[in-house]
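The structure appears below as C-alpha cells.
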Amino acid sequence: MITRLLTLVSLALIFPVSVSASPSVSIVLRENCPPSFEKMPDGGCKLVTLYGFYDSVQGAGLGGTQTSLPQHRDGFTPQQIDLGRYLFFDPVLSKDGSISCASCHHPDQGFSDDLPRSIGMGGEELARAAPSLWNVVFLKKFFWDAHAETLEAQMLDPLYAPNEMGNTPNGLLATINSIPAYHALFKKAYPQRKGESIVLDEIYQSLAAFQTSLISLNSRYDRYAHGFHAALSENEIEGLNIFRSFVARCAECHTPPLFTNQQIAVIGAPEPEGMAVDVGAQKTFKEPRLKAGFKVPTLRNIDRTAPYMHSGSFDSLHAVAEFYNGGRGHAVPEGVDLQLHWHISSPDLSDYELDRLVDFMGTLTDESLKPQIPQWLPSGLTPISHKSTTHTAIITTKSGESL
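Position 380, counted from 1, in the sequence shown is what my numbering calls 385; the numbers after and before it change by one each time, with no gaps.
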C-alpha cells in the first residue's frame, strides 16, 4: 500500500496540470457501434440481447431465469461512445493529470479496483470501495448510497471532489479546450454543435455514452438461462438452486438478469477496524430506517471485484457467503441500532452449500465485450493501469516500457 501511495503522489510530477501536447498519431473515432449494438437509421446504437425477447418483468418469478431487462438508455452514436472511451482512460480529466476514471474502474478488475477503498488525489484513501460499472446503463440510482439518478450526475462527484480527481468545471474546460486533438474529435462526435469551444454537457454525455456500452450479459449463466443447460456443471446448477431457494433467499435482492433489484438494503455488514458505522443511504433519503443501508450491488463479474462490500470488508466470496450465513445482525457493533432488511435471517447453510453458492457466482463472469484500452490518448498522456497483484500504479510508455 505504501508503494502505491508514493507512486500515485509522484504522478503529479510526471503529468503537468496544463496539457497542450497531442500525440503524433492521428486518432479517428470508430464509425461502427460496439459489439452487441445495432446501428439504427438515425445513426444511434441500439443494444440487442436475447433478454429483449422475454415479456416478463425483472423480478417476476422470484429470480426465474428468463426475465427481461429494465428499460435503458441507448441511441448514442458510435463516435460519441468512442470519444467517451478516450475520455474515460485519459488522466487529463483530473486536476494534475494523475488519475483517470479507469484508475478506480479498470476493465481488468471488473470495472472496479482491487482495493478495500479507492485511492484519490494525492494518494488519499477514500471512504468507500469503487463499485463495478458493468451494466450501469440499466441502473436507476448510482453510488453505494444511491444519491445520483443519472450517469451524468454520477460523474460530477469523482471529477470535482477535492479528494478524488480534484478538478473544477472551469479547470476541466480550460484543459480540454487547450488540446487540438480533442477539438477535432468533439466536432466529429457532435457535428451539430454550436460554437467552437467544447462544453461540459458534451464531456458528460460522451462519458455516459461510453459507460452505456459496458454490457455483460453473455456469461455461462446466461447461456444456461437461454436454454443451453449444459453451460453449467452439476455443482453450479446446485448452487443456482440454493441461490434461488427460500432458505438462502439470495435471488430476492440479487434478482436475475442484472442480479440486483436496485434497492437499498440494511444488512449489518461490519466496518473495518477503527472505522465508525457508515450511515449510507440515511443521508441520501434523510431516513433513519436506512442507516447503514446501501444499494444492492450486481453480482455480474463478482469474482473480478474483490474485496467486497462498500468498505471492502471481505476478501473472498466464500467470506461474504459466510457473513450472510452467520445469522441476523451478528456483525452489528454493540450499541448500534440498525433496522435490518427483512430478508436477513439465519439460513444455516452447510459449508458444502456455501461452496456451491460460490461455484454458481463464478458462472456470472462475462468480459467478452470488454472495451479496448486506447494505445494513444488525445492529450498525449498515457493511460494509467493499476495492477492488483502489487497495488502500485503502472504507467506504460509509448515504447511499452514501465515507469
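Note that beta-carbon positions come from the ideal geometry of N, C-alpha and C, so glycine has one too.
Source: prediction; values computed, not measured.
Using a Cβ-Cβ cut-off of 7 angstroms (strictly less than) and excluding sequence neighbours within five positions of residue i, which residues of its own chain qualify?
{"i": "serine 373", "result": "Asn223"}
{"i": "methionine 366", "result": "Leu304, Ile307, Asp308 and Leu322"}
{"i": "threonine 370", "result": "Ser224, Asn306, Asp308 and Arg309"}
{"i": "arginine 333", "result": "Leu345, Ile349, Ser350 and Ser351"}
{"i": "tyrosine 234", "result": "For the sequence presented, residue 234 should be read as histidine rather than tyrosine. Nothing listed; no residue qualifies."}
Assign residue i to one of two classes, buried (16 or more other C-beta atoms within 10 Å of its C-beta) or exposed (fewer than that).
{"i": "glutamate 169", "result": "buried"}
{"i": "leucine 67", "result": "With a pLDDT of 43 at leucine 67, under the threshold of 50, the modelled position of this residue cannot be trusted; read the value that follows with caution. It counts as exposed."}
{"i": "tyrosine 357", "result": "exposed"}
{"i": "serine 316", "result": "buried"}
{"i": "asparagine 139", "result": "This sequence places tryptophan at residue 139; asparagine is not what is there. Burial call: buried."}
{"i": "methionine 280", "result": "exposed"}
{"i": "alanine 230", "result": "buried"}
{"i": "valine 301", "result": "buried"}
{"i": "threonine 173", "result": "exposed"}
{"i": "glycine 128", "result": "buried"}
{"i": "glutamine 85", "result": "buried"}
{"i": "arginine 35", "result": "exposed"}
{"i": "aspartate 47", "result": "exposed"}
{"i": "arginine 294", "result": "exposed"}
{"i": "arginine 31", "result": "Strictly speaking, residue 31 in this sequence is serine, with arginine absent from that position. So serine 31 counts as exposed."}
{"i": "phenylalanine 251", "result": "exposed"}
Is DSSP giving residue i helix, strand or coil here?
{"i": "isoleucine 269", "result": "strand"}
{"i": "proline 157", "result": "Note on identity: in this sequence residue 157 is glutamate, with proline being the wrong assignment. Helix, per DSSP."}
{"i": "glycine 244", "result": "helix"}
{"i": "glycine 80", "result": "coil"}
{"i": "cysteine 38", "result": "coil"}
{"i": "histidine 111", "result": "strand"}
{"i": "threonine 211", "result": "One point to set straight first is that residue 211 is serine, not threonine, in the sequence displayed. Serine 211 falls in the helix class under three-state DSSP."}
{"i": "lysine 288", "result": "helix"}
{"i": "cysteine 50", "result": "strand"}
{"i": "isoleucine 124", "result": "strand"}
{"i": "glycine 331", "result": "coil"}
{"i": "glycine 298", "result": "strand"}
{"i": "phenylalanine 319", "result": "strand"}
{"i": "lysine 44", "result": "strand"}
{"i": "tyrosine 3", "result": "Outside the displayed range of the chain (6 to 408) lies residue 3, so it cannot be described from this structure."}
{"i": "phenylalanine 147", "result": "strand"}
With distances taken from CA atoms, which of the options is nearest residue i?
{"i": "aspartate 87", "options": "Val97, Pro379 and Gln287", "result": "Pro379"}
{"i": "leucine 164", "options": "Leu359, Val141 and Cys109", "result": "Cys109"}
{"i": "alanine 186", "options": "Gln268, Leu92, Phe81 and Ser73", "result": "Leu92"}
{"i": "glutamine 344", "options": "Ser355, Asp364, Tyr195 and Ala270", "result": "Ala270"}
{"i": "leucine 362", "options": "Ile247, Ala297, Pro275 and Gly176", "result": "Ile247"}
{"i": "lysine 291", "options": "Arg78, Ala151, Phe264 and Ser41", "result": "Ala151"}
{"i": "glycine 80", "options": "His234, Pro39 and Ala235", "result": "Pro39"}
{"i": "phenylalanine 328", "options": "Gly340, Val53 and Leu359", "result": "Leu359"}
{"i": "tyrosine 226", "options": "Leu245, Asp118 and Leu177", "result": "Leu245"}
{"i": "glycine 331", "options": "Leu52, Gly273 and Gly176", "result": "Gly273"}
{"i": "alanine 166", "options": "Pro196, Gly340, Glu201 and Met126", "result": "Met126"}
Can you find the residues in the same chain that come closer than 8 angstroms, C-beta to C-beta, to residue i, ignoring five residues on each side of it along the sequence?
{"i": "proline 112", "result": "Glu372, Lys375, Pro376 and Ile378"}
{"i": "proline 388", "result": "Phe94, Asp95, Pro96, Ser105, Ala107, Ile378, Pro379, Leu382 and Thr401"}
{"i": "asparagine 37", "result": "Lys44 and Pro83"}
{"i": "aspartate 162", "result": "Phe148, Ala153 and Glu169"}
Less than 6 angstroms between C-beta atoms, sequence neighbours within five positions excluded: which residues of the same chain meet that for residue i?
{"i": "tyrosine 313", "result": "Phe319 and Val325"}
{"i": "glycine 89", "result": "Ser211, Leu212, Ala214 and Phe215"}
{"i": "alanine 297", "result": "Val271, Val282, Gly285 and Leu343"}
{"i": "alanine 153", "result": "Phe147 and Gln159"}
{"i": "isoleucine 203", "result": "Ile181, Asn182 and Phe191"}
{"i": "proline 275", "result": "Ser318 and Ala336"}
Thinking C-beta only, is residue j closer than 8 angstroms to residue i?
{"i": "aspartate 95", "j": "serine 103", "result": "no"}
{"i": "leucine 156", "j": "alanine 134", "result": "no"}
{"i": "glutamine 267", "j": "lysine 145", "result": "yes"}
{"i": "threonine 368", "j": "glutamate 241", "result": "yes"}
{"i": "histidine 335", "j": "glutamate 257", "result": "no"}
{"i": "leucine 354", "j": "alanine 253", "result": "yes"}
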